[in-house]
Amino acid sequence: MQDELDTSQTFALSVTVNGRPWSGDVPVEETLIEFLRGRLGLTGTKRSCEAQVCGACTVLVDRRPISSCSYLTFEANGKSVLTIEGLAIGEQLDPLQAAFIRNIGAQCGYCTPGQIMAAKALLLENPSPTREQIAHWLRGNICRCGAYPGIAAAILEASREKR
8 MQDELDTSQT
18 FALSVTVNGR
28 PWSGDVPVEE
38 TLIEFLRGRL
48 GLTGTKRSCE
58 AQVCGACTVL
68 VDRRPISSCS
78 YLTFEANGKS
88 VLTIEGLAIG
98 EQLDPLQAAF
108 IRNIGAQCGY
118 CTPGQIMAAK
128 ALLLENPSPT
138 REQIAHWLRG
148 NICRCGAYPG
158 IAAAILEASR
168 EKR
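Everything in the sequence shown is counted per my numbering, starting at 8 for the first residue and increasing by one.
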């Protein structure tokens, strides 16, 4: 007989989201995207495939990109989560966000938060990526509008600004 998940169970979570601590009980089956959008009202992270293949739900957990649609909230216990809402400081956009605007790195914009968060993780790991490294890093982030040239240009520009 296969064990079934008791969906009435909760987990005492302590996490930092966009620099702010949060503590409370969460259902063990709750995904990080459900937590971010539903509990915290951070709707910049987009829900799309629910299968970890499109990248629209990308956020950073301890500076690493993850698909929040398949990452259980309790896995973030004791960690730091960064969403698209946490990049800007007040009215000052992150250089990556500003570069996306200047380079028209978005058309419809649905994938943009995930693209930016994946790019942020890349720049944290490799501050001076090549175009090829950018393409490889973003292979899991789908843009149905085909805005890839603008996305790559934005990342290259942001990497130059950071130096």
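All C-beta atoms, glycine included, are put in the ideal place defined by N, C-alpha and C.
For Ile141, the first and last residue of its enclosing alpha helix (DSSP H): For the purposes of this step, residue 141 is taken as the residue at position 134 of the sequence shown. Per DSSP, Ile141 belongs to the alpha helix (DSSP H) from 138-144.
Neighbourhood of Asn148 by C-beta distance below 6 Å, restricted to the same chain and skipping five residues each side: Locating residue 148 in the sequence shown gives position 141, where the first residue counts as 1. Correct list, in chain order: Gly62, Gly121, Gln122, Ala125.
Where Gly51 sits in the DSSP three-state scheme: Within the sequence shown, the letter at position 44 stands for residue 51. Residue state, collapsed to three classes: coil.
C-alpha gap between Pro176 and Glu132, whole angstroms: Given a span of 8 to 170 for the chain in the structure shown, any question on residue 176 remains unanswerable.
Any beta strand (DSSP E) of 3 or more consecutive residues that is wholly inside the segment 33-87: 65-68, 71-74
Inter-residue spacing [alpha-carbon to alpha-carbon] between Cys64 and Pro134: The count along the sequence shown starts at 1 and reaches residue 64 at position 57. The count along the sequence shown starts at 1 and reaches residue 134 at position 127. So the two alpha carbons sit approximately 23 Å from each other.
Residues near Ala106 by beta carbon distance below 6 Å, same chain, minus five either side: Position 99 of the sequence shown, counted from the first residue, corresponds to residue 106. These residues qualify, in order along the chain: Ala161, Glu164, Ala165.
C-beta contact flag for Thr52 and Val66 at 8 Å: Here residue 52 is taken as the residue at index 45 of the sequence shown, counted from 1. Here residue 66 is taken as the residue at index 59 of the sequence shown, counted from 1. It is a contact, given that the beta carbons lie within the stated cut-off.
Reference Ala154, options Lys127, His143, Tyr117, closest by Cα: Along the sequence shown, read from residue 1 onward, the residue named residue 154 stands at position 147. Ala154 has its Cα closest to that of Tyr117, out of Lys127, His143, Tyr117.
Cβ separation of Thr38 and Ser77, assumed to be a contact under 8 Å, to the nearest whole Å: Residue 38 sits at position 31 when you count from the first residue of the sequence shown. Residue 77 sits at position 70 when you count from the first residue of the sequence shown. Going by Cβ atoms, the distance from Thr38 to Ser77 rounds to 7 Å, so yes, they are a contact pair.
Sub-8 Å separation of Thr90 and Leu145 beta-carbons: To locate residue 90, count along the sequence shown from 1; it is residue 83. To locate residue 145, count along the sequence shown from 1; it is residue 138. No, Cβ-Cβ distance for Thr90 and Leu145 is not below 8 Å.
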